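In our numbering, the protein residues as written are 1 to 331. C-beta atoms are modelled at their ideal positions from N, C-alpha and C, and glycine is treated no differently. None of the values given here were measured: they were computed from a predicted structure. See structure below.
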C-alpha cells in the first residue's frame with residue numbers, strides 16, 4: 001500500500017516548476033521532513049568496474065566508443081580489487097557502494113564475477129547498486145538472488161527529447177529493463193541528467209515519466225559534466241547552455257521531492273562545480289544522498305574532505321547504513 005500518487009499530469013508538474021522559488025523550496029522541504037530525516041544525507045561511492053569502449057552513442061558519455069575523449073578502455077575489474085575499493089569506501093564513511101560498467105548489456109559470461117562483487121559488498125554491510133546497461137529477465141533474477149539492493153538504469157531525459165541524446169537504445173528499451181528489475185524484486189534506481197541543452201518542458205517531461213511509474217526508490221539527479229570529444233560536450237562548449245542555471249537545478253530537485261516523496265533523491269554528477277550555497281539549497285529542497293570521493297566513474301567529484309567540511313558547516317550528518325532500507329520497507 002502506497003501513500004503517494006502516480007497519476008500526476010504534466011500540467012501539475014509544470015505548475016510546480018512555475019511556483020515562486022521560495023514557495024517551491026518551502027513546500028519541498030515540508031514534504032521531505034514528513035518522510036525523511038531532514039539533517040541526514042547518505043554517503044555513497046561510485047566505482048567504474050569496467051571503463052570505456054561502450055557501443056552506445058549517448059551524447060553525454062565519455063565512455064562511448066563513438067567519441068574521441070582520450071579515455072582508455074579497460075576490462076572488467078577483478079572482484080578482489082572491487083571489494084578492496086568497497087572496504088576503503090566504507091572506511092571513509094560510505095554506506096552505499098555503486099558499481100558501473102560501460103556496457104550496452106552484460107554478457108552471461110560476466111555474471112559470475114558480477115555476482116561475486118555483489119555478495120562481497122553486501123557481506124560488508126553496505127547497500128549495493130549496479131549499473132550494467134540493459135538486463136534480461138534471467139540476469140535480473142541472478143542479481144536479485146545475489147542480494148543486490150538497487151539497479152540503476154536512468155531514463156536520462158524526457159521521452160520527447162530522448163532521441164536527441166541517444167540513438168542506439170530506445171526509451172522503451174530502458175523501461176523494459178526497469179520492468180525486469182522491478183519484477184525480480186530489486187529496488188529501482190532511475191533518474192537522469194539536466195543541463196544537456198534541454199528546455200524546461202523536457203525537465204517537466206522527465207520528472208513526469210518518473211512520477212507516473214511505480215516510483216523509483218532512488219532518483220539520481222545529475223547536472224551534465226560537459227566532456228570534450230562527446231557530442232554534447234562539444235556542442236555546448238563556450239555557450240550559456242554549458243552549465244545549467246543553479247536555481248533551475250534546485251527547482252528540479254524540489255519538484256522531484258514533491259512528486260516522489262518517499263524516494264531517495266540523489267545529488268549526483270556535476271556537484272563539484274556547484275557552490276556550497278547551491279548544494280545547501282538542494283539539501284533543503286529534499287536531496288538526501290550524495291556521491292563522495294574524488295571521482296564519479298570518469299568525472300571529477302568534490303572529494304571526502306570538502307564534503308565533510310560542508311556537512312560540518314550545515315550540521316548535516318551521514319545517514320545510518322540501515323536508514324534507506326527501513327524507508328523502502330515502510331512503503
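Residue range of the alpha helix (DSSP H) that residue 207 falls in? In the chain shown, residue 207 corresponds to position 207, counting from 1. Residue 207 -> alpha helix (DSSP H) spans 200-211.
Could you name each continuous alpha helix (DSSP H) segment of 4 residues or more that falls completely within the stretch 50-96, going from the start of the chain to the end? 79-91
For residue 63, is the classification buried or exposed, using 16 other Cβ atoms within 10 angstroms of its Cβ as the cut-off for buried? The residue given as residue 63 occupies position 63 in the chain shown. Buried, by the Cβ-count rule.
Identify which residue in 36, 149, 136 and 288 has its Cα closest to the Cα of residue 268. Taking the chain shown and counting its residues from 1, the one referred to as residue 268 is at position 268. Nearest of 36, 149, 136 and 288 to residue 268, Cα basis: 288.
Measuring straight from C-alpha to C-alpha, what distance separates residue 233 and residue 196? Position 233 of the chain shown, counted from the start, is the residue given in the question as residue 233. Position 196 of the chain shown, counted from the start, is the residue given in the question as residue 196. Their backbone Cα atoms lie some 9 Å apart in a straight line.
Would you list the one or two residues that DSSP bridges to residue 98? The sequence position of residue 98 within the chain shown is 98, counting from 1. DSSP lists 46 and 129 as partners of residue 98.
Would you kindly work out how many angstroms separate the C-alpha atoms of residue 203 and residue 222, rounded to a whole number? Residue 203 sits at position 203 when you count from the first residue of the chain shown. Residue 222 sits at position 222 when you count from the first residue of the chain shown. If you take the alpha carbons of residue 203 and residue 222, they lie about 12 Å apart.
Check for me: the alpha helix (DSSP H) holding residue 223 runs from which residue to which? Mapped onto the chain shown, residue 223 falls at position 223. From DSSP, residue 223 is part of no alpha helix (DSSP H) but of the beta strand (DSSP E) over 218-223.
For the alpha helix (DSSP H) holding residue 282, just list the boundary residues, first then last. Within the chain shown, residue 282 is the residue found at index 282, counting from 1. Per DSSP, residue 282 belongs to the alpha helix (DSSP H) from 276-284.
Suppose the cutoff is 8 Å on Cβ atoms and the five residues either side in sequence are ignored; what does the same chain contact list for residue 320 look like? Taking the first residue of the chain shown as 1, we reach residue 320 at position 320. Closer than 8 Å at Cβ, skipping near neighbours: 40 and 95.
May I ask you to report which of helix, strand or coil DSSP gives residue 7? Working through the chain shown from its first residue, we reach residue 7 at position 7. Note: residue 7 maps to coil in three-state DSSP.
With burial defined as no fewer than 16 other Cβ atoms inside 10 Å of the residue's Cβ, what is the status of residue 22: buried or exposed? For the purposes of this step, residue 22 is taken as residue 22 along the chain shown, with counting starting at 1. When all chains shown are included, residue 22 counts as exposed.
Got a sec, what are the start and stop residues for the beta strand (DSSP E) residue 266 sits in? Start at 1 with the first residue of the chain shown, and residue 266 comes out as number 266. Per DSSP, residue 266 belongs to the beta strand (DSSP E) from 264-267.
Using a Cβ distance threshold of 8 Å, determine whether the stretch 48-61 contacts the stretch 245-262, with at least three qualifying pairs required. no
Option in 12, 141, 310 and 191 with minimal Cα separation from residue 114: The residue you call residue 114 lines up with position 114 of the chain shown. Nearest option by C-alpha distance: 141.
Just curious, the alpha helix (DSSP H) that residue 31 is in, first and last residue? Position 31 of the chain shown, counted from the first residue, corresponds to residue 31. Start and end: 21-35.
Cβ of residue 59 within 9 Å of Cβ of residue 103? One-based indexing of the chain shown puts residue 59 at position 59. One-based indexing of the chain shown puts residue 103 at position 103. Their beta carbons are not under 9 Å apart, which means residue 59 does not touch residue 103 by this criterion.
Starting from the C-beta of residue 126, find all residues in its chain whose C-beta is less than 8 Å away, skip the five residues before and the five after it, and write them out in chain order. In the chain shown, residue 126 corresponds to position 126, counting from 1. The residues are 86, 89, 90, 94, 95, 96, 97 and 321.
Here's the rule I'm using: 16 or more other beta-carbon atoms within 10 Å means buried, otherwise exposed. How should residue 6 be labelled? Position 6 of the chain shown, counted from the first residue, corresponds to residue 6. Exposed, since its Cβ has fewer than 16 Cβ neighbours within 10 Å.
Mark residue 157 as exposed unless 16 or more other C-beta atoms lie within 10 angstroms of its C-beta, in which case mark it buried. Here residue 157 corresponds to residue number 157 of the chain shown, with the count starting at 1. Buried, since its Cβ has 16 or more Cβ neighbours within 10 Å.
Please determine, among 178, 312 and 106, the residue with the shortest C-alpha to C-alpha distance to residue 216. Residue mapping note: residue 216 aligns to position 216 of the chain shown, counting from 1. Comparing Cα positions, the closest option is 178.
So residue 353 and residue 151 are in contact, right, with Cβ under 8 Å, and what is the actual spacing, rounded? Residue 353 lies beyond the residue range present for the chain, which begins at 1 and ends at 331; the question has no answer from this structure.
Output the distance between the C-alpha atoms of residue 176 and residue 137, rounded to the nearest integer angstrom. Numbered from its first residue, the chain shown carries residue 176 at position 176. Numbered from its first residue, the chain shown carries residue 137 at position 137. Taking the straight line joining both Cα atoms gives about 10 Å.
Are the CB atoms of residue 261 and residue 4 nearer to each other than 9 Å? The residue given as residue 261 occupies position 261 in the chain shown. The residue given as residue 4 occupies position 4 in the chain shown. A contact, by the Cβ cut-off of 9 Å.
Can you list, in chain order, the residues of its chain with a C-beta nearer than 8 Å to that of residue 212? Leave out the 5 residues immediately preceding and following it. Looking up residue 212 in the chain shown gives position 212. The answer, listed in chain order, is 6, 7 and 8.
Can you find the residues in the same chain that come closer than 7 Å, C-beta to C-beta, to residue 326, ignoring five residues on each side of it along the sequence? Numbered from 1 along the chain shown, position 326 holds the residue referred to as residue 326. At residue 326, the pLDDT of 47 sits below 50, so the modelled position is not reliable; the number obtained from the coordinates is stated separately. Cβ within range, chain order: n/a, list empty.
Option nearest residue 35 by Cα separation, candidates 279, 277 and 264: If you number the chain shown from 1, residue 35 lands on position 35. That would be 264, whose Cα lies nearest to the Cα of residue 35.
Identify the continuous alpha helix (DSSP H) that holds residue 121 and give its terminal residues. Here residue 121 is taken as the residue at index 121 of the chain shown, counted from 1. That run of the alpha helix (DSSP H) goes 111-123.
Can you give the Cα-Cα distance for residue 168 and residue 255, rounded to whole angstroms? Start at 1 with the first residue of the chain shown, and residue 168 comes out as number 168. Start at 1 with the first residue of the chain shown, and residue 255 comes out as number 255. Cα-Cα distance, rounded: 30 Å.
Inter-residue CB distance, residue 259 and residue 314 (contact presumed, cutoff 8 Å): Within the chain shown, residue 259 is the residue found at index 259, counting from 1. Within the chain shown, residue 314 is the residue found at index 314, counting from 1. Actually they do not touch by this definition, with Cβ atoms about 25 Å apart.
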